[in-house]
């Protein structure tokens, strides 16, 4: 249930501007501040030094659309309306999103980048889900392409003439970032919510030549043994391209926080950086080289830690203590109630959401009060896989009808030792929680999945 506690002085506190930066398929180990040795991420590393680094942050799911649905609605993946990953299932009119909650609290709201929760002419488009401005991709399949010839600006197509007829002159992450920066400038009087939903480092792998130079020729390159589908470009140097994409994202983060400094908004703005799930399984030839999951087992599409534990960094200068590691387990479903509490009205989210406010953890005991304790975390996939975490116990159903596996994350972060046979009472308790937290998805018609070639 949502938190009913407020931090120490909500009446006097000025609601912060909020910049939420979401990477796409960025693993727990992809950043320097989480142990990465090959890829340079100085701006994000500095964000961690200036703020709070979470070591047990969890995405809503291990694949894009349901994870983003959890983030937007505050319901875990057994309750959230979008469960599959086709990109064609839409949020509904009755669904309440983070953007709607903040809009009711007086925020100007903008989304820049990948959406994936409602295509054109559906109730799920961003402008019908609380966003005053949207610029980017509606369908997540469209978001696979970095040199598409159009994006969406609100409900209209925005042409990219530099990418027609096979030209690759307008790198969409840069086009989208420019519009996000404009939004912040236009909203400087605040409060504003700027959601920058990057597509990096999701495939297709592509990056401007100027960014590739930093890593070109530096790795022993070998192409993974799979074939790209639907016209995706395949880079000649996949490792260098992956590294360059993440460094390019890092530079974008630098531009965002740099603008906040330029506008003297640093002390008035919460910046939250995270990722929608673990590293892509298609990328694991590179992922293994880069140790993209860090010490964790698994990857995207799996409910082991590598698929769902993600980097998360929060900076609010002068409010969040700088240079702190926080080992509190947090979840995407917590974002809605946390933002609502910081915005000054914890009653705005629906009363039955699964997330809790972690504002006390962000603000510290002196300002934030007592952090509510959660009973469990839950995840599932439309493939039949499920997982529950209670304290340090993690119960995993790897696939439908498989044997349940139990791990003690305190002593076995890599989930290498199944101890289910030693703790049958724990298994039964967690199995009951797992069964109780799955509900069938709402009746929805799954539109045909588009062929990606139409977006090139």
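Residue numbers (this note's numbering): 165 to 620.
Ideal Cβ placement from N, Cα and C applies to all residues, glycine included.
Reduced DSSP secondary structure (H/G/I, E/B, other) of residue 220
The sequence position of residue 220 within the chain shown is 56, counting from 1. Correct three-state label for residue 220: strand.
At a cut of 8 Å, does the segment 313 to 328 reach the segment 262 to 275 through at least three beta carbon pairs?
no
Within the continuous beta strand (DSSP E) that includes residue 558, where are the two ends?
For the purposes of this step, residue 558 is taken as the residue at position 394 of the chain shown. Residue 558 -> beta strand (DSSP E) spans 557 to 561.
I need the DSSP call for residue 286, collapsed to helix, strand or coil.
As a first step, residue 286 must be located in the chain shown, where it is residue number 122. Three-state result, residue 286: coil.
I'd like to know whether the C-beta of residue 254 is nearer than 8 Å to at least one C-beta of chain D.
Judged by its chain identifiers, the structure shown contains no chain D, having just a single protein chain.
With distances taken Cα to Cα, identify the nearest neighbour of residue 487 among 212, 512 and 546.
Locating residue 487 in the chain shown gives position 323, counting from the first residue. The option with the nearest alpha carbon to residue 487 is 212.
Measuring straight from C-alpha to C-alpha, what distance separates residue 165 and residue 363?
Along the chain shown, one-based indexing puts residue 165 at 1. Along the chain shown, one-based indexing puts residue 363 at 199. With a pLDDT of 33 at residue 165, under the threshold of 50, the predicted position of this residue should be treated as unreliable, and no value is reported.
Counting only the same chain and skipping the five closest in sequence on each side, list residues whose C-beta sits under 7 Å from that of residue 159.
As shown, the chain starts at 165 and ends at 620. That puts residue 159 outside it, with no answer to give.
Would you give the residue range spanned by the alpha helix (DSSP H) that residue 347 belongs to?
Within the chain shown, the letter at position 183 stands for residue 347. Here the alpha helix (DSSP H) through residue 347 covers 336 to 350.
Could you check what DSSP says for residue 441 in three-state terms: helix, strand or coil?
Position 277 of the chain shown, counted from the start, is the residue given in the question as residue 441. Residue 441: coil per DSSP, three-state reduction.
Checking 8 Å against the spacing of the C-beta atoms, do residue 304 and residue 229 come in under that value?
Start at 1 with the first residue of the chain shown, and residue 304 comes out as number 140. Start at 1 with the first residue of the chain shown, and residue 229 comes out as number 65. Yes.
Alpha helix (DSSP H) segment containing residue 323, residue limits
The residue labelled residue 323 in the question sits at position 159 within the chain shown. Segment 320 to 323 is the beta strand (DSSP E) holding residue 323; no alpha helix (DSSP H) there.
Suppose contacts are defined by Cβ-Cβ distances below 8 Å. Is residue 263 in contact with residue 508 by that definition?
The residue you call residue 263 lines up with position 99 of the chain shown. The residue you call residue 508 lines up with position 344 of the chain shown. No, Cβ-Cβ distance for residue 263 and residue 508 is not below 8 Å.
Should the segment 420 to 429 be regarded as contacting the segment 394 to 405, the criterion being three or more beta carbon pairs within less than 8 Å?
no
Hey, could you find the ends of the beta strand (DSSP E) residue 551 is sitting in?
Residue numbering aside, residue 551 sits at position 387 when the chain shown is read from its first letter. 550 to 554 is the extent of the beta strand (DSSP E) around residue 551.
So for residue 579, helix, strand or coil by DSSP?
Translated into the one-based positions of the chain shown, residue 579 becomes position 415. In the structure shown, residue 579 sits in coil (DSSP, three-state: anything other than H, G, I, E or B).
Please classify residue 534 as buried or exposed, where buried requires at least 16 neighbouring CB atoms within 10 angstroms.
Locating residue 534 in the chain shown gives position 370, where the first residue counts as 1. Under this definition residue 534 is an exposed residue.
With DSSP as the reference, label residue 226 as helix, strand or coil.
Taking the chain shown and counting its residues from 1, the one referred to as residue 226 is at position 62. Three-state DSSP puts residue 226 in coil, outside helix and strand.
Compare the beta carbon distance of residue 231 and residue 496 with 8 Å and say whether it is the shorter of the two.
Position 67 of the chain shown, counted from the first residue, corresponds to residue 231. Position 332 of the chain shown, counted from the first residue, corresponds to residue 496. In this structure, residue 496 lies closer than 8 Å to residue 231 by Cβ.
Backbone secondary structure at residue 178 - three-state DSSP
Here residue 178 refers to the residue found at position 14 when the chain shown is read from its first residue. Three-state DSSP puts residue 178 in coil, outside helix and strand.
For residue 468 and residue 343, the rounded distance between their alpha carbons:
By 1-based counting over the chain shown, the position of residue 343 is 179. By 1-based counting over the chain shown, the position of residue 468 is 304. Near 36 Å, if we compare the C-alpha coordinates of residue 468 and residue 343.
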